[in-house]
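Throughout the sequence shown, residue numbering follows the numbering used here, covering 34 to 317 in sequence. Each residue gets a CB set at the ideal place from its N, CA and C atoms; glycine is no exception. Structure, as structure tokens:
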Amino acid sequence: MQERYVPVDLEAYCARIGYAGGLAPTLETLRRLQAHHVAAIPFENLDVLLGRGIALAPQAIDAKLIAARRGGYCFEQNALFKRVLEAIGFEVVGLLARVQWQAPPESPPSQRTHMLLRVSVDGRPWLADVGFGGNVPAAPLALDIDVPQPTQHGTYRLIPVGEERQLQLRLGQAWAPLYQLSPQPQLAVDYELPNWYTSTHPSSHFLHQLSVARTTPEARYALKNARLTVRLPTGEETQRSLGLDELEATLRGTFGLPVSAEWRAVLERTVAAEREAEPPLASA
């Protein structure tokens with residue numbers, strides 16, 4: 034079934050991500066666009082916390098992520114990236130995956146709630162994903178091999194699990210699963226239900242904690258509530274809790290988000306939740 038393509042303003046998108054290179058449908062172009070995208074457009078769930086819901090209409094995504102210089106989560110990020118790649122001339126298919134990051138091994142299968150892309154370049158399939166938060170691959174990964182694939186921010190591999198593939202990230206000497214992807218192509222309408230589930234269901238962690246992430250050549254930056262983690266390509270990592278003013282400044286400066294007065298109540302709750310989660314100081 035052929036979907037109707039909704040055009041995207043490539044000039045505005047390239048300006049948004051700070052990209053001034055060529056736009057031929059090559060692997061090098063895909064690599065450059067993916068790196069620029071994750072460095073410029075942060076992963077964030079503020080609209081979910083604000084109770085606004087997440088609109089997946091192309092015009093709504095363009096208005097938010099490009100014109101308003103906001104971020105978004107996987108359904109927004111990868112839907113935009115898919116239309117950009119299609120406009121350039123890439124062959125792109127949307128996929129769905131079950132998120133497994135930090136899930137205990139005995140956990141039952143989760144819903145398929147993560148959108149990602151399969152991009153064909155010269156007949157070879159590549160995984161492209163600009164919407165997986167703090168562990169997003171900053172480069173495309175070959176889908177037809179299961180050997181380790183080093184990137185600037187970590188080494189990944191895709192191992193077969195039946196007809197599916199599991200994306201793993203190497204942590205020290207171990208491999209941690211991120212998600213298990215199905216090869217079944219998805220239409221835009223197929224993302225409406227998982228998007229609704231992810232943005233409204235009480236069990237979705239996006240309703241209960243602030244999640245913001247950005248991956249640049251220099252570092253990965255991630256906010257979980259008001260705790261900021263900075264992870265360098267060397268593996269060195271620092272963490273610290275932020276007060277309200279620091280949190281606002283970090284959202285503006287580190288993540289490039291246009292902080293609004295409407296966000297204040299959410300950010301106050303976020304700081305309070307972080308303080309409650311901090312372990313009490315040991316008594317003398």
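Bridge-paired residues (DSSP) for residue i
{"i": "E77", "result": "V245"}
{"i": "Q201", "result": "R190 and P210"}
{"i": "Q182", "result": "Y189"}
{"i": "P158", "result": "S153"}
{"i": "L256", "result": "V245 and L261"}
{"i": "L290", "result": "For L290, which the question treats as bridged, DSSP gives no partner whatsoever."}
{"i": "L174", "result": "L160"}
{"i": "A96", "result": "Paired residue(s): none; A96 is not in a bridge."}
{"i": "T271", "result": "V263"}
{"i": "E61", "result": "Bridge partners of E61: none, in fact."}
{"i": "E124", "result": "S153"}
Alpha-carbon spacing of residue i relative to residue j, whole angstroms
{"i": "Q182", "j": "V154", "result": "17 angstroms"}
{"i": "A100", "j": "L89", "result": "15 angstroms"}
{"i": "A315", "j": "L150", "result": "Any reading at A315 is ruled out, since the residue's pLDDT is 44, under 50, leaving its predicted position unreliable."}
{"i": "P173", "j": "L214", "result": "15 angstroms"}
{"i": "A53", "j": "W159", "result": "23 angstroms"}
{"i": "E20", "j": "G156", "result": "With the chain covering only 34 through 317, there is no way to say anything about residue 20."}
{"i": "R145", "j": "G164", "result": "14 angstroms"}
{"i": "A317", "j": "N78", "result": "For A317, the predicted model reports a pLDDT of 37, less than 50, meaning its position is unreliable; a value from the coordinates is still stated below. Taking the straight line from one Cα to the other gives about 40 angstroms."}
{"i": "S140", "j": "E295", "result": "37 angstroms"}
{"i": "I192", "j": "S236", "result": "28 angstroms"}
{"i": "V222", "j": "R297", "result": "34 angstroms"}
{"i": "R64", "j": "T303", "result": "35 angstroms"}
{"i": "L239", "j": "G55", "result": "Residue identity differs from the one stated: residue 239 is Phe in this sequence, not Leu. Between F239 and G55, the C-alpha separation is close to 36 angstroms."}
{"i": "A96", "j": "Q206", "result": "43 angstroms"}
{"i": "Y189", "j": "G166", "result": "15 angstroms"}
{"i": "V117", "j": "E44", "result": "10 angstroms"}
{"i": "Q272", "j": "I74", "result": "22 angstroms"}
{"i": "P170", "j": "E309", "result": "32 angstroms"}
{"i": "E279", "j": "G195", "result": "47 angstroms"}
{"i": "V41", "j": "P91", "result": "8 angstroms"}
Beta-carbon spacing of residue i, residue j below 8 angstroms
{"i": "V299", "j": "L98", "result": "no"}
{"i": "F76", "j": "V245", "result": "yes"}
{"i": "R102", "j": "P291", "result": "yes"}
{"i": "N111", "j": "W134", "result": "no"}
{"i": "T249", "j": "A72", "result": "yes"}
{"i": "Q185", "j": "P266", "result": "yes"}
{"i": "L243", "j": "L261", "result": "no"}
{"i": "P210", "j": "G122", "result": "no"}
{"i": "V152", "j": "V125", "result": "yes"}
{"i": "P227", "j": "E197", "result": "no"}
{"i": "A68", "j": "F114", "result": "no"}
{"i": "E61", "j": "L220", "result": "no"}
As assigned by DSSP and simplified to three states, the class of residue i
{"i": "T262", "result": "strand"}
{"i": "A88", "result": "coil"}
{"i": "A72", "result": "helix"}
{"i": "W67", "result": "The question names Trp, yet the displayed sequence has Gln at residue 67. Correct three-state label for Q67: helix."}
{"i": "H238", "result": "helix"}
{"i": "P40", "result": "coil"}
{"i": "T146", "result": "strand"}
{"i": "G105", "result": "strand"}
{"i": "E309", "result": "helix"}
{"i": "L314", "result": "For L314, the pLDDT reaches just 43, beneath the cut-off of 50, and the residue's location in the model is therefore unreliable, although a value from the coordinates is still provided. It is coil, neither helix nor strand."}
{"i": "A112", "result": "helix"}
{"i": "V222", "result": "helix"}
{"i": "L129", "result": "strand"}
{"i": "L284", "result": "helix"}
Residue-level contact to chain D via CB, residue i, 8 angstroms cutoff
{"i": "W208", "result": "In the displayed structure, chain D is absent; only one protein chain is listed."}
Count the C-beta pairs between the stretch 270 to 287 and the stretch 240 to 260 that are closer than 8 angstroms, then say yes if the count reaches three, no if not. Yes, the stretch 270 to 287 is in contact with the stretch 240 to 260.
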